[in-house]
Structures are given as C-alpha cells and as structure tokens.
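K.L.:
I'd like to ask you about the structure that follows.
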Amino acid sequence: MHTKEFLAGTYKTLLTIRLFETRAIQLYRQGLVRGYFHPYLGEEAIGTGVCAALKPRDYIVSTHRGHGHCIARGAEIGKMFAELFGRATGYCAGRGGSMHIADVTAGNLGANGIVGGGISLGVGAALGTSIRGEDQVTAVFLSDGASNNGVFCESMNLAAIWNLPLILVIENNQYAVSTPIEQSTREPELYKRGPAYGVTSSTVDGNHVLEVYERACEAVSQCRAGKGPVLMEAKTYRHAGHHVNDPGLYMPKESLEYYKSKDPVVLGRKLLIEEGGAAQEEAKAIETAVEQEVEAAVEFAKRSPEPSVEEFLESIEACQ
Amino acid sequence: MSTSTLESVPSLPQTGNSQDTRILKYSEALNEALREEMRRDPTVFLMGEGIAERGGIWKVTENLMQEFGAKRVRDTPIAEASFTGAGVGAAITGMRPVVEIMFVDFAMLAMDPIVNQAAKYHLMTGGLGRVPLVVRTQGGSGTTIAAQHSQSLEALFYHIPGLKVAMPSTPYDAKGLLKSAIRDDAPVIFIEHKLLYTTTGEVPSAEYLIPLGEADIKRPGRDVTLIAWSNMVPRSLAAAEKLAGEGIEVEVVDPRTLVPLDKQRILESVCKTQHVVIVQEAVRRGGVASDIASIIQEEAFDYLDAPIEIVAGKNTPIPFNMKLESACVPREEDIVRALKRAVYAG
Numbered sequence: 001m002h003t004k005e006f007l008a009g010t011y012k013t014l015l016t017i018r019l020f021e022t023r024a025i026q027l028y029r030q031g032l033v034r035g036y037f038h039p040y041l042g043e044e045a046i047g048t049g050v051c052a053a054l055k056p057r058d059y060i061v062s063t064h065r066g067h068g069h070c071i072a073r074g075a076e077i078g079k080m081f082a083e084l085f086g087r088a089t090g091y092c093a094g095r096g097g098s099m100h101i102a103d104v105t106a107g108n109l110g111a112n113g114i115v116g117g118g119i120s121l122g123v124g125a126a127l128g129t130s131i132r133g134e135d136q137v138t139a140v141f142l143s144d145g146a147s148n149n150g151v152f153c154e155s156m157n158l159a160a161i162w163n164l165p166l167i168l169v170i171e172n173n174q175y176a177v178s179t180p181i182e183q184s185t186r187e188p189e190l191y192k193r194g195p196a197y198g199v200t201s202s203t204v205d206g207n208h209v210l211e212v213y214e215r216a217c218e219a220v221s222q223c224r225a226g227k228g229p230v231l232m233e234a235k236t237y238r239h240a241g242h243h244v245n246d247p248g249l250y251m252p253k254e255s256l257e258y259y260k261s262k263d264p265v266v267l268g269r270k271l272l273i274e275e276g277g278a279a280q281e282e283a284k285a286i287e288t289a290v291e292q293e294v295e296a297a298v299e300f301a302k303r304s305p306e307p308s309v310e311e312f313l314e315s316i317e318a319c320q
Numbered sequence: 001m002s003t004s005t006l007e008s009v010p011s012l013p014q015t016g017n018s019q020d021t022r023i024l025k026y027s028e029a030l031n032e033a034l035r036e037e038m039r040r041d042p043t044v045f046l047m048g049e050g051i052a053e054r055g056g057i058w059k060v061t062e063n064l065m066q067e068f069g070a071k072r073v074r075d076t077p078i079a080e081a082s083f084t085g086a087g088v089g090a091a092i093t094g095m096r097p098v099v100e101i102m103f104v105d106f107a108m109l110a111m112d113p114i115v116n117q118a119a120k121y122h123l124m125t126g127g128l129g130r131v132p133l134v135v136r137t138q139g140g141s142g143t144t145i146a147a148q149h150s151q152s153l154e155a156l157f158y159h160i161p162g163l164k165v166a167m168p169s170t171p172y173d174a175k176g177l178l179k180s181a182i183r184d185d186a187p188v189i190f191i192e193h194k195l196l197y198t199t200t201g202e203v204p205s206a207e208y209l210i211p212l213g214e215a216d217i218k219r220p221g222r223d224v225t226l227i228a229w230s231n232m233v234p235r236s237l238a239a240a241e242k243l244a245g246e247g248i249e250v251e252v253v254d255p256r257t258l259v260p261l262d263k264q265r266i267l268e269s270v271c272k273t274q275h276v277v278i279v280q281e282a283v284r285r286g287g288v289a290s291d292i293a294s295i296i297q298e299e300a301f302d303y304l305d306a307p308i309e310i311v312a313g314k315n316t317p318i319p320f321n322m323k324l325e326s327a328c329v330p331r332e333e334d335i336v337r338a339l340k341r342a343v344y345a346g
C-alpha cells in the first residue's frame, strides 16, 4: 500500500505533465513555441513512476519525447516553457529547445534529437559512478524505435559485461515515428532481448504509475546492490501522432480508444482516491494548484527576455 | 551533476633538472603523458580495444593497467559507437575519459557520439554541460594496410564546431599536447600517426604542457613558409634540408593543433617569407590545407608574392600495393617541387 501523500505526489506529477503538454501545444499553435515538439501525452506514468523510484543524486537520460522526464525529475516548468519559447531564462538559455532540454545540475543529462543517441551516454554516466565507487543509478529512457538501433544492443552489452548500475527503460509506444512495431521487429516483446545479454528483464503496464514505480524500485535496488543492469519495457501508446503536427492518422481508432480508456492520468487520480483514500476535494485542490502553476509558468516564460545575439556571438568569437 | 568522492591530488613534484631530457619514442611519450595525468587526477580513465593487459596495438597504454587497475584501464568490446558514447556520458558526469579508437577509420562508427553528442553538448545545455573527453586515435598511410586502415580524416573533425583537433608530429609535442587535451573541458580528437609511433625525440624529464592552439616553428627560414602537420612534418623537414643545399631557406610551421589553429604564428611567417606551401597527407578535396590557404589569402593577400601551393593526397581511397599507396600521398620530391614552384614563381 502507498500513502496518500505519495499518491498525491504521483498524481500531481502526472497531471503537471499532462497540462504542461496540453498548454504547450496551444502555445505552439499560437506560434510562441517553435521547432520540433514531441508530446508525452499518454506516456506520463512511465517517467513519473521511474523518477519516483530515484534519488536526487541519480541520473536520468531522456529522449526527444522528453518533457515528461524533465517534469518527473522535478524541473521548474517556468524554465521549461522559457526553453520552449527560446528565451534566455530557459534551462538551456534558449540554445537547446524542446529536443535538447536538460537540467544537468539536477542530474537530468538531457533530451536527445537522435533516436538512441542517449543510450550510450547513460552507460558512461553509470560507468563513471562505478569507477568512483558510488551508488548512483542511471535510468535511460528510450523508445521502441531506438531499440532497433545497433547502439542499443552495444550499450546493453557494455552495461552487462561491466555490471553497471543502469536501468534501460523502453517506452514502448508501439510506433517508430509512423511505423508500427510489427513492421520494425519480428519479436515485439522487447524485454525478451535482455536475457540474451544476461540482463534482468521484464515488461510492465506503462500506463499504470504504481506498476511502473514498483518495478523501477526493484531495478534501483538491484543496481544499488551492485548486481548490474536492468531492462524494463513499459508498454504504452501515444495519444496522438509522433510530433505536434502529425495527426497520427495511421494509428487505429480501436487501439487509441483502448489506451485512452487506460489513461495514466485518470488512473493516477483513481488511485489517489481509491487506494489513497483521498476525498474528491483533495484531488480537485491538486488540479487547481497545477492549473495555477502552469499559468504562472507560461507568464514567466512570456515575460522572459530573448537571448542577446551580441552576447551569443561574443561567446563563440574565440572559435571563429 | 556528480559530486565525486575522488578529489584531485596535487601535481607530481617536478623531479630533476628542468634541462634534463631523455630520448623517447612517440609511443613512450604518449604513455608517459597518460601515466602522469592518471597519477595526478583520479577521474582520468582509459578505455579501448585491447588496451589493458596487452597495452594496445601501438603499445601506448603499456603497463598502465598494471599500475592503475582494471577499473581505470578497460578493454572494450569492438563496439565503437557505444564505448565512445560511454566516454561522452562519463565526461558529462565528472570523469575525464581517454577513449582509444584503434584506427581513425573506425571512428566512422562513432560519429554520432562524437559529432551529434560530444561536440554539441556544451552549446545545447546553454553552456552548463562540459565534455572533457579525449578520443585518441591514429591515422595515415604507409604500412600497406589498404583503404579502410590508412585514411587521414582530420578534415571531418576539423569541420565540426565544438571539437578540438590535435595532430602531434614529435614525441615532445605528443606528450605535452596529450596532457593539455586531457585537462581541457572540450572534446579533443587526438590523431596520432601510425608511422610516428617508433620515431624518437628529446622529451624533458620534468613535467610540461603544450597549450592547444600554439603552432611550433620546426625549422626557421626566410624564403618560404611550409605548413605541415603529423607525419608530413618529418617529410617536409627532409625536403627543407635538401633545398637548404640549394640556398633556399624553408620555414617549417607545424600548427600541432588544427583546432584551435594558431593563425597568428602562421600569418607572421607568411608575412616574413611571402611564399607559402601547405602539405597534407589527406586527400586534396575539402581538406584542411584548402581552408588554411583561404585564411592566408584573406588575411595576408598583399604579402603574397606567388600563388599558395598545396601538396596533398590524391582524391582516391588508398590502394593496397605499396607503390600505388605511396603514389597517393605527398612524397619528399613532391614537396621539393612545390617549394621551388612557390619560390621561383615569385
């Protein structure tokens, strides 16, 4: 059983991700957010559950669909909106944007514009930990699409031979951009690849925050005990297309309806009330608070200055 | 970011007279650089193929595992993309990895971690993230190992903003530059040359560093500036020696690092001699020599008395046969001819 406080915390995170993404999409339509933008809508429980199992000293490595990881890791959403707006106050001073959002001081090593590009970086973070003899854990989020890139196999092998404290979290949303998983791999149960490398592996309902959390806690314990890497596949589904301008017409209606009926945010609320014994008012209070936080964050970003072109050019002058 | 429990220990006390030198091989000088930096800083560690017990195929890491242990000197699988990426990940979390890629040709398997990750991380994180990574590798032709083991690929890395590129030509430079590369907070591609490992030269007994971005005049001269790096330096010095007998004094400038490039020292020499030859082993097309020529014509056009001569590799993959191979890269006589053309054209 989980405490009401814990369930309130996970619900708040799930909802913050949901409302951040929804609001950011509106702002994208208004032209305030530019560039590529891959929403985490429908996948909120994975980042939330995994990050809840980590300590502040641990590392995460994120993906192109990375806003949710950032929020679950405790980022300030004002600085996130500011980064999406390209403002000087953003996490990357407006130089990274959605696909490169990072919070290195908080151990979020960053999103990545290259599918699979972050996996080996996570291996390196875990390797450093291992050399220093510390007990930090690194969680790498990756997509089912990335699991078909060679570097995934290489990285799992390195983590295995070096017994690294690394958790590979496959967010299996069943599409690589627009290509369904059955067309990308003959064995769509991706966790089955782990045992071939001697890696503890399992699959979990990626829409159920507590199932994700509990499995992640087991993985963290194994890593901290020095028993090597873990592969964790979390099955889920996007609520829309690959990016904000992809209507996702190739996604069958029945599948979309099925997964929307298992909406991770709705489920998070249900868990708070049914398992946590919270009153409706308590859930509503969280909702009001998150809505206000999101609006305040948007205002902060809107008020934030653009980066100075002169300062930027000066900063790169030595490299010319 | 990581709060490392390991703290840097102070530099080793300098031993002996600062004038003391030994004759070391290029590979031994590199080995000494790694050893000193690993003693000085516990966050420095090495990984690569066959570099631990066996000391690497060029013997650069010989006996380092025995001194520093298997945690800090690691053999990797043949998996360049992931172990180079692991170097990037370790670097951004507080370590100073030195990754060995056995041949620069194999670095093509690791272009994503080098080009898309390491080179861009500092900018993409708004300046907060740093990547103190060294990728040691070696290139060049001359041992009849054919097209996939003989390339000179520095232009690929030179082209990518965010990377530094070092190409030492002597044991002295190799040691001083590698130590600086390890201490640098930016990713450095450190390209050695397979024909240089057994060459010898004087190396001081006392510790020293060579800053990245400082060219070295390998031979002073008044008539023509010859710019060359890596294995083209000894070949150019031989050509210069030959012409000295004919009364032509060649100034040989070795940039030592292509990024950052010591434009000032190059331009000073050009303004003095007013004639320029640039020699590179890499293929001519899209090469670093062309870019240096462009910088010179832009910044010192009025000083030039003759067109800039470029002596470069032929635009071809390197063939296996020894005679064919040597026909593809600049020979001493090619350099001599170019020097004469430059001097007598003016």
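Chains A and B, in that order, give the protein sequences. Reading the first sequence from the start, the letters are residues 1 to 320 in my numbering. Reading the second sequence from the start, the letters are residues 1 to 346 in my numbering. Yeah, the Cβ is synthetic: ideal placement off N, Cα and C, and Gly gets one too.
#1: Please confirm whether residue 124 of chain B has its beta-carbon closer than 8 Å to some beta-carbon of chain A.
#2: Along chain A, in chain order, which residues have C-beta atoms closer than 7 Å to that of residue 83 of chain B?
#3: List the endpoints of the continuous alpha helix (DSSP H) containing residue 14 of chain A.
#4: Buried or exposed for residue 304 of chain A, please, with buried defined as at least 16 other CB atoms from any protein chain shown within 10 angstroms of its CB.
#5: Scan the segment 103 to 122 of chain B for residues whose Cβ lies nearer than 7 Å to a Cβ of chain A and list them as they occur along the chain.
#6: Under the rule that 16 or more other beta-carbon atoms within 10 Å means buried, what is residue 324 of chain B, buried or exposed?
#7: In chain B, what lies closer than 9 Å to residue 95 of chain A by C-beta?
#8: If you run the structure through DSSP and keep just helix, strand and coil, what is residue 13 of chain B?
#9: What does residue 71 of chain B reach in chain A if we use C-beta pairs closer than 9 Å?
#10: If you drop the 5 nearest sequence neighbours on each side, which residues of the same chain put their C-beta closer than 7 Å to that of residue 250 of chain A?
#11: What residue range does the beta strand (DSSP E) around residue 23 of chain B cover?
#12: Comparing the C-beta of residue 45 of chain B with each C-beta of chain A, is any distance below 8 Å?
#13: Which residue comes first and which comes last in the alpha helix (DSSP H) that contains residue 270 of chain A?
#14: Under 8 Å, Cβ to Cβ, is there at least one residue of chain B near residue 92 of chain A?
#15: Determine, using beta carbons only, whether residue 223 of chain B and residue 249 of chain B come nearer to each other than 8 Å.
#16: By the criterion of Cβ-Cβ separation under 9 Å, what are the contact partners of residue 154 of chain A in chain B?
#17: Measure the C-alpha to C-alpha separation of residue 76 of chain B and residue 56 of chain B and round it to an integer number of angstroms.
#18: Between residue 119 of chain A and residue 68 of chain A, how many whole angstroms is the CB-CB distance? I'm expecting something under 8 Å.
#19: Please compile the residues from chain A whose C-beta is within a distance smaller than 8 Å of the C-beta of residue 88 of chain B.
#20: To which residues of the same chain is residue 134 of chain B closer than 6 Å at the C-beta, ignoring the five residues directly before and after it?
#21: Can you name the residues of chain B whose CB is closer than 8 Å to the CB of residue 17 of chain A?
#22: Which chain B residues are close to residue 63 of chain A, counting only those with a beta carbon under 9 Å from its beta carbon?
#23: Is the CB of residue 95 of chain B under 8 Å away from at least one CB in chain A?
#24: By Cβ distance, which residues of its chain are closer than 6 Å to residue 197 of chain B, with the 5 residues on each side in sequence left out?
#25: Quick check: what's the CA-CA separation for residue 9 of chain B versus residue 207 of chain B?
#26: According to a CB-to-CB cut-off of less than 7 Å, which residues of the segment 142 to 160 of chain B neighbour chain A?
#27: Helix, strand or coil for residue 219 of chain A, going by three-state DSSP, please let me know.
#28: Could you spell out the range, first to last residue, of the beta strand (DSSP E) harbouring residue 272 of chain B?
#29: Out of A:88, A:131 and A:273, point me to the one whose CA is closest to residue 310 of chain A's CA.
#30: What are the boundary residues of the alpha helix (DSSP H) that residue 157 of chain A is part of?
#31: Less than 8 Å between CB atoms is the rule here; does residue 223 of chain A satisfy it with respect to chain B?
#32: Please tell me whether residue 51 of chain A has its Cβ less than 8 Å away from any Cβ of chain B.
#33: Excluding sequence positions up to five away, which residues of its chain have a Cβ less than 7 Å from the Cβ of residue 160 of chain A?
#34: Cβ of residue 92 of chain B less than 8 Å from any chain A Cβ?
#35: What distance in whole Å lies between the Cβ atoms of residue 240 of chain B and residue 252 of chain B, which are believed to be in contact at a cut-off of 8 Å?
#36: If you run the structure through DSSP and keep just helix, strand and coil, what is residue 7 of chain B?
P.N.:
This is what the structure gives:
#1: Counted from its first residue, the second sequence places residue 124 of chain B at position 124. Yes, its Cβ sits closer than 8 Å to a Cβ of chain A.
#2: Taking the first residue of the second sequence as 1, we reach residue 83 of chain B at position 83. Going along chain A in sequence order, the residues near residue 83 of chain B (Cβ under 7 Å) are 158.
#3: Looking up residue 14 of chain A in the first sequence gives position 14. Unbroken alpha helix (DSSP H) run through residue 14 of chain A: 4 to 29.
#4: Numbered from 1 along the first sequence, position 304 holds the residue referred to as residue 304 of chain A. Residue 304 of chain A is buried by the Cβ-count criterion.
#5: 112, 113, 116 and 117
#6: For the purposes of this step, residue 324 of chain B is taken as residue 324 along the second sequence, with counting starting at 1. Residue 324 of chain B comes out exposed.
#7: Reading the first sequence from its first residue, position 95 is the one you call residue 95 of chain A. Per Cβ cutoff of 9 Å: 123, 124, 125, 126 and 127.
#8: Numbered from its first residue, the second sequence carries residue 13 of chain B at position 13. Residue confidence for residue 13 of chain B is low, a pLDDT of 44 falling below 50, so the modelled location carries little weight; the figure read from the coordinates is stated next. DSSP places residue 13 of chain B in coil when its eight states are reduced to three.
#9: Here the question's residue 71 of chain B lines up with position 71 in the second sequence. What residue 71 of chain B touches in chain A: 130, 131 and 133.
#10: Residue 250 of chain A sits at position 250 when you count from the first residue of the first sequence. Within the same chain, residue 250 of chain A has close Cβ partners 178.
#11: Numbered from 1 along the second sequence, position 23 holds the residue referred to as residue 23 of chain B. Unbroken beta strand (DSSP E) run through residue 23 of chain B: 21 to 25.
#12: Locating residue 45 of chain B in the second sequence gives position 45, where the first residue counts as 1. Interface residue, yes.
#13: Position 270 of the first sequence, counted from the first residue, corresponds to residue 270 of chain A. Element bounds for residue 270 of chain A: 264 to 270.
#14: Taking the first residue of the first sequence as 1, we reach residue 92 of chain A at position 92. With 8 Å as the cut-off, residue 92 of chain A counts as an interface residue toward chain B.
#15: Taking the first residue of the second sequence as position 1, residue 223 of chain B is located at position 223. Taking the first residue of the second sequence as position 1, residue 249 of chain B is located at position 249. Contact flag set, yes.
#16: Counting from one through the first sequence, the residue named residue 154 of chain A turns up at place 154. What residue 154 of chain A touches in chain B: 77, 79, 80, 81, 82, 83 and 85.
#17: To locate residue 76 of chain B, count along the second sequence from 1; it is residue 76. To locate residue 56 of chain B, count along the second sequence from 1; it is residue 56. Near 11 Å, if we compare the C-alpha coordinates of residue 56 of chain B and residue 76 of chain B.
#18: Position 119 of the first sequence, counted from the start, is the residue given in the question as residue 119 of chain A. Position 68 of the first sequence, counted from the start, is the residue given in the question as residue 68 of chain A. Residue 119 of chain A to residue 68 of chain A, Cβ: 18 Å. No contact.
#19: Counting from one through the second sequence, the residue named residue 88 of chain B turns up at place 88. Correct list: 120, 121 and 124.
#20: Indexing the second sequence from 1 puts residue 134 of chain B at position 134. For residue 134 of chain B, where only same-chain residues beyond five positions count, the Cβ hits under 6 Å are 98, 181, 182, 188 and 190.
#21: The residue you call residue 17 of chain A lines up with position 17 of the first sequence. Under the 8 Å cutoff, chain B gives no residues; its nearest Cβ is about 22 Å from residue 17 of chain A.
#22: Counting from 1 along the first sequence, the entry for residue 63 of chain A is found at position 63. Ordered by position in chain B, no residue passes the 9 Å Cβ test against residue 63 of chain A, which lies about 13 Å from the chain.
#23: The residue given as residue 95 of chain B occupies position 95 in the second sequence. So, interface residue.
#24: As a first step, residue 197 of chain B is located in the second sequence; it is residue number 197 there, counting from the start. Answer for residue 197 of chain B: 26, 27 and 58, listed in chain order.
#25: The residue given as residue 9 of chain B occupies position 9 in the second sequence. The residue given as residue 207 of chain B occupies position 207 in the second sequence. With a pLDDT of only 41 at residue 9 of chain B, under the threshold of 50, the placement of this residue in the model should not be trusted, and no figure is reported.
#26: none
#27: Residue mapping note: residue 219 of chain A aligns to position 219 of the first sequence, counting from 1. Three-state DSSP puts residue 219 of chain A in a helix.
#28: Numbered from 1 along the second sequence, position 272 holds the residue referred to as residue 272 of chain B. No beta strand (DSSP E) holds residue 272 of chain B; the alpha helix (DSSP H) holding it covers 263 to 273.
#29: Position 310 of the first sequence, counting from 1, holds the residue named residue 310 of chain A. Nearest option by C-alpha distance: A:88.
#30: Numbered from 1 along the first sequence, position 157 holds the residue referred to as residue 157 of chain A. Element bounds for residue 157 of chain A: 150 to 161.
#31: Here residue 223 of chain A corresponds to residue number 223 of the first sequence, with the count starting at 1. No, residue 223 of chain A lies away from the interface with chain B (no Cβ there is under 8 Å from its Cβ).
#32: Locating residue 51 of chain A in the first sequence gives position 51, where the first residue counts as 1. No, its Cβ sits nowhere closer than 8 Å to a Cβ of chain B.
#33: Locating residue 160 of chain A in the first sequence gives position 160, counting from the first residue. The answer, listed in chain order, is 197, 198, 199, 228 and 229.
#34: Within the second sequence, residue 92 of chain B is the residue found at index 92, counting from 1. Chain A, which has a Cβ nearer than 8 Å to the Cβ of residue 92 of chain B, makes this yes.
#35: Mapped onto the second sequence, residue 252 of chain B falls at position 252. Mapped onto the second sequence, residue 240 of chain B falls at position 240. The pair is a contact, with the Cβ atoms about 6 Å apart (cut-off 8 Å).
#36: Along the second sequence, one-based indexing puts residue 7 of chain B at 7. With a pLDDT of 39 at residue 7 of chain B, under the threshold of 50, the modelled position of that residue is not reliable, and the figure given next carries that caveat. The answer is coil: DSSP assigns residue 7 of chain B none of H, G, I, E or B.
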